[in-house]
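Undergrad: Numbering (the working numbering), first residue to last: 3 to 667.
The C-beta atom is built at its ideal place from N, Cα and C for all residues, glycine as well.
Input: one structure, supplied below.
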Amino acid sequence: MYQELKKRLEAHLRGVLQAKYDLQPDTIAMETPPDLRMGELATPIAFELARKLRKAPKIIAQEIVAALGHLDGFASFEVAGAGYINARLDRAAGARMAAGGEAGAAAGVASGLHSLVEHTSINPNKAAHIGHLRNAILGDTFVRLLRASGQKVDVQNYIDNTGVQVADVVVGFLHLEGKSAADVRALLEELKSKGARIDYYCWDLYARTSSWYEQGIEEDKAARKRLRYATLHEIEHGGNETAEIAELISTAVLRRHLETMLRLGIEYDFLPRESEILHLKFWEAAFDQLKKTGVLYFENEGKNKGCWVMSRATNPVQNQAGPEDDAKVIVRSNGTVTYVGKDIAYHLWKFGLLGRDFGYKPFFTYPNHECWISTENGEEPHPHFGGAQAIYNVIDSRQSDPQANVIQALRGMGHVEQADRYTHFSYEMVALTPRCAVELGYDVSEEDLSRPYIEVSGRKGFGVKADDLIDKLIAATRAEVDARQTSRDEAERQRIAEQIAIGALRYFMLKYTRNSVIAFDFKDALSFEGETGPYIQYAVVRARNIFRKGNTTPEAVLAEFAKLADEAVRGYLTGEAAEDIWTLWLRAGRRTLVLEQCIATSEPAHLARHGFQLAQEFNNFYHKHHILTEEDPARKTFLLATAAVALRELVTVLGWLGIESPEAM
Numbered sequence: 003m004y005q006e007l008k009k010r011l012e013a014h015l016r017g018v019l020q021a022k023y024d025l026q027p028d029t030i031a032m033e034t035p036p037d038l039r040m041g042e043l044a045t046p047i048a049f050e051l052a053r054k055l056r057k058a059p060k061i062i063a064q065e066i067v068a069a070l071g072h073l074d075g076f077a078s079f080e081v082a083g084a085g086y087i088n089a090r091l092d093r094a095a096g097a098r099m100a101a102g103g104e105a106g107a108a109a110g111v112a113s114g115l116h117s118l119v120e121h122t123s124i125n126p127n128k129a130a131h132i133g134h135l136r137n138a139i140l141g142d143t144f145v146r147l148l149r150a151s152g153q154k155v156d157v158q159n160y161i162d163n164t165g166v167q168v169a170d171v172v173v174g175f176l177h178l179e180g181k182s183a184a185d186v187r188a189l190l191e192e193l194k195s196k197g198a199r200i201d202y203y204c205w206d207l208y209a210r211t212s213s214w215y216e217q218g219i220e221e222d223k224a225a226r227k228r229l230r231y232a233t234l235h236e237i238e239h240g241g242n243e244t245a246e247i248a249e250l251i252s253t254a255v256l257r258r259h260l261e262t263m264l265r266l267g268i269e270y271d272f273l274p275r276e277s278e279i280l281h282l283k284f285w286e287a288a289f290d291q292l293k294k295t296g297v298l299y300f301e302n303e304g305k306n307k308g309c310w311v312m313s314r315a316t317n318p319v320q321n322q323a324g325p326e327d328d329a330k331v332i333v334r335s336n337g338t339v340t341y342v343g344k345d346i347a348y349h350l351w352k353f354g355l356l357g358r359d360f361g362y363k364p365f366f367t368y369p370n371h372e373c374w375i376s377t378e379n380g381e382e383p384h385p386h387f388g389g390a391q392a393i394y395n396v397i398d399s400r401q402s403d404p405q406a407n408v409i410q411a412l413r414g415m416g417h418v419e420q421a422d423r424y425t426h427f428s429y430e431m432v433a434l435t436p437r438c439a440v441e442l443g444y445d446v447s448e449e450d451l452s453r454p455y456i457e458v459s460g461r462k463g464f465g466v467k468a469d470d471l472i473d474k475l476i477a478a479t480r481a482e483v484d485a486r487q488t489s490r491d492e493a494e495r496q497r498i499a500e501q502i503a504i505g506a507l508r509y510f511m512l513k514y515t516r517n518s519v520i521a522f523d524f525k526d527a528l529s530f531e532g533e534t535g536p537y538i539q540y541a542v543v544r545a546r547n548i549f550r551k552g553n554t555t556p557e558a559v560l561a562e563f564a565k566l567a568d569e570a571v572r573g574y575l576t577g578e579a580a581e582d583i584w585t586l587w588l589r590a591g592r593r594t595l596v597l598e599q600c601i602a603t604s605e606p607a608h609l610a611r612h613g614f615q616l617a618q619e620f621n622n623f624y625h626k627h628h629i630l631t632e633e634d635p636a637r638k639t640f641l642l643a644t645a646a647v648a649l650r651e652l653v654t655v656l657g658w659l660g661i662e663s664p665e666a667m
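Quick look at the structure:
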């Protein structure tokens, strides 16, 4: 409602400016006044035109207001201060629009755009941990927002199954535990039969291997480092027992990762693997394009002698390198390709610019679709992946420089439009509060107890496994649900506990802006008070109880609301006593505005905040107005309609956040 009326006013203003001054400004700024007494919308356009028209802003504002006349959905326009134009909505019309709901597709977003979101991308060498959850929850929520805006979205989870982290676990199996490929197969079967988990087994083995690298004298450390990279080389090359063990372990751990994420409602469409990027020679195709377009040049002297290098200049020119410090090595002098080089090839494929494709085979079945994985020799038929118009990569902020290098390469190759639609969706780390670390059983030093947060480290084995965190949250919530919902059966109580726990976790990860460090804390996340997921869920339960006790439904109430006279609705929304109700209707009508804001800024925290504010305003309304005991039938219908619209919007917002709305708490 709010966004539609805002755009309606903007279009009307453009017509007035064209007719009166023969002007068509690029943008017309719209603001929300700090107080409802000043209206619901305001524009400083008169200040912006003052120099061009050589008039005082207040005079221009008066002329514009006189020319605006009547506009559907608006009650009046007025000049404020030294030249602001304030607009007051027709509250009855606004309520009608809000009651009717919003189409969902944000007018400012290219509906139908084919976008590709890559998120999660956990190294398949150990269990997922709490830091991975932030990536996955951010990515999954953004996918939901893009789809709500009308975009076609493919969800990809990049699997680095030939990287050094996988190599470290393989070193552990081969050299610390002395296992062959057959032994690893037997271990996988044994763990499966016992209900044990390979990702947990590898968590411990990875930490042991990391520690082993640092043990002994310097000669031992150097030898182990050589062993590490020899193992990595064998995995990358393929066709040997080392690569076979890497394939067994990475595939088994990957399946566990998908099962973990599914607990949070997170699903994927395609799992591209590093091994296929290597073996299907994606890099060779990209290398040829990079050389032909002059993005790469061969360095004949200096510290980068013998390397293929990309200038960091905006428009690189072959053989004109500039300072060595201003160059990025893409192919080392020994012929090996850097991470950035392989990433350039991968992103050419994402945009459909590489001229090559993966093979595909089904890997993981979700309730409503199949998730495919890359392979050298695929199955037919299969869905088409790649060829996206826009890309969002959910990767932590430490990868900002490599991401910028890929964008620069695309731009240098002439793919300017694609580079403009390439977004590094960066985020900061997740740590633990000292209180949370103690609750998890870690020994926390006195020094760390005084810190605001403690960093986690999978390499050192210090951290929270994602499934352990989820289990602990559910257990804490279940105790509360058991105490409150004694009449419900075991399955119902467990389901409610899971909904609350997952909602608490997802909201905690989303309420902070992406570039804020999060210090996770059980107590803060699970609180029913303050800015938390359970607080919003409880507002939904409270709203549903109104209709349950009133023996009606939101749909029936809104049908009756449509029959009320505009004058009656306007009266219920006018006056000081009604300001809180109108504030709630306005908030409920901001869904599309917030959706557009989230997508334009790649920031789901705006939606989390909107959901919390909506819940706050509904709770204020609930406590202030006696809805079910209201004696005036028309006013009762109006109050119930207010609750119905708030309920619908709360459920929608929670759904976009990936949070379920429980029936009871």
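1) Output the residue ranges of the beta strand (DSSP E) runs that lie fully inside the stretch 30-68 and measure 3 residues or longer, sorted by chain position.
2) What's the gap between the Cα of Ile-247 and the Cα of Glu-500?
3) Going by beta-carbon coordinates alone, are Ala-610 and Leu-512 separated by less than 8 Å?
4) Given a threshold of 16 other Cβ atoms within 10 Å of its Cβ, counted over all protein chains shown, does Gln-20 qualify as buried or as exposed?
5) For Tyr-348 and Phe-284, which I take to be in contact (beta-carbon distance under 8 Å), what is that distance rounded to the nearest angstrom?
6) What's the gap between the Cα of Tyr-215 and the Cα of Pro-383?
7) My understanding is that Gly-613 touches Val-655, with C-beta atoms under 8 Å, so please give their C-beta distance in whole angstroms.
8) Closest by CA to Leu-356, which one among Lys-363, Phe-289, His-235, Ser-399?
9) If you draw a straight line from the alpha carbon of Ile-61 to that of Gly-96, how long is it in whole angstroms?
10) Identify whether Pro-274 lies in helix, strand or coil by the three-state DSSP scheme.
11) Suppose the cutoff is 8 Å on Cβ atoms and the five residues either side in sequence are ignored; what does the same chain contact list for Val-333 look like?
12) Starting from Ala-645, follow the alpha helix (DSSP H) in both directions and report where the run begins and ends.
13) In angstroms with no decimal places, state the Cα-to-Cα distance between Ala-287 and Trp-351.
14) Just how far apart, CA to CA, sit Lys-626 and Asn-88?
15) With DSSP collapsed to three states, give me the class of Leu-609.
16) Counting only runs that start and end within the stretch 279-317, where is the beta strand (DSSP E) found for 3 or more residues in a row?
17) Please report the distance separating the alpha-carbon of Leu-2 from that of Ile-472.
18) Exposed or buried, which one is Arg-39 when buried takes at least 16 other CB atoms within 10 Å?
19) Give the range of the beta strand (DSSP E) segment to which Lys-181 is assigned.
20) Using 10 angstroms around the beta-carbon of Pro-274, count the other beta-carbons present and answer buried if the total reaches 16, otherwise exposed.
21) Count the other C-beta atoms from every protein chain shown that fall within 10 angstroms of the C-beta of Tyr-368, then say buried if there are 16 or more, exposed otherwise.
22) Report the rounded CA-to-CA distance for Arg-453 versus Ile-548, giving the unit in angstroms.
23) Assuming Ala-392 is part of the beta strand (DSSP E), what are its boundary residues?
24) Flag this pair as yes or no: are the beta carbons of Tyr-203 and Gly-174 separated by less than 8 Å?
25) When you compare only the Cα positions, how much space is there between Val-376 and Gly-304?
26) Could you check where the beta strand (DSSP E) with Pro-364 kicks off and where it finishes?
27) When the distance is taken between beta carbons, is Pro-126 closer than 8 Å to Ser-213?
28) Pick out whichever of Asp-450, Glu-441, Met-667 has its Cα sitting closest to the Cα of Arg-546.
29) Report buried or exposed for Asn-321, applying the criterion of at least 16 other Cβ atoms within 10 angstroms of its Cβ.
30) Tell me the rounded alpha-carbon separation between Lys-128 and Trp-205.
TA: Reading it off the structure:
1) The qualifying runs are 43-45.
2) Going by the C-alpha atoms only, they are around 36 Å apart.
3) Pairing Ala-610 with Leu-512 gives a Cβ-Cβ distance under 8 Å.
4) Result: exposed.
5) So it is a contact: roughly 7 Å between Cβ atoms.
6) When only Cα atoms are considered, Tyr-215 and Pro-383 end up about 46 Å apart.
7) Going by Cβ atoms, the distance from Gly-613 to Val-655 rounds to 4 Å, so yes, they are a contact pair.
8) The shortest Cα separation from Leu-356 among Lys-363, Phe-289, His-235, Ser-399 belongs to Phe-289.
9) Spanning the two alpha carbons is a distance of roughly 30 Å.
10) Look at Pro-274 here: in three-state DSSP terms it is coil, with no helix or strand label.
11) For Val-333, where only same-chain residues beyond five positions count, the Cβ hits under 8 Å are Phe-289, Leu-298, Cys-309, Trp-310, Val-339, Thr-340, Gly-343.
12) Taken as a continuous stretch (DSSP letters only), the alpha helix (DSSP H) holding Ala-645 covers 635-658.
13) So the two alpha carbons sit approximately 10 Å from each other.
14) Take the alpha-carbon of Lys-626 and the one of Asn-88: they are about 29 Å apart.
15) The answer is helix: DSSP assigns Leu-609 an H, G or I state.
16) Runs of the beta strand (DSSP E) inside the stretch 279-317: 298-300, 310-313.
17) This structure cannot speak to residue 2, because the chain is shown only from 3 to 667.
18) Around the beta-carbon of Arg-39, fewer than 16 other beta-carbon atoms lie within 10 Å, marking it exposed.
19) Segment: none, Lys-181 is in no beta strand (DSSP E) and carries neither H nor E.
20) With 16 or more neighbouring CB atoms inside 10 Å of its own CB, Pro-274 falls in the buried class.
21) Taking a 10 Å sphere around the C-beta of Tyr-368, we find fewer than 16 other C-beta atoms and assign the residue as exposed.
22) Arg-453 and Ile-548: Cα-Cα distance of roughly 45 Å.
23) In the DSSP assignment, Ala-392 falls within the beta strand (DSSP E) that extends over 392-396.
24) Note that the C-beta distance between Tyr-203 and Gly-174 is not below 8 Å.
25) It is Ser, not Val, that sits at residue 376 in the sequence shown. Taking the straight line joining both Cα atoms gives about 40 Å.
26) Pro-364 -> beta strand (DSSP E) spans 361-367.
27) No, the pair does not count as a contact, with Cβ atoms beyond the cut-off.
28) Nearest of Asp-450, Glu-441, Met-667 to Arg-546, Cα basis: Met-667.
29) Note that Asn-321 scores a pLDDT of 41, beneath 50, so its modelled location is shaky and nothing firm can be said.
30) Between Lys-128 and Trp-205, the C-alpha separation is close to 5 Å.
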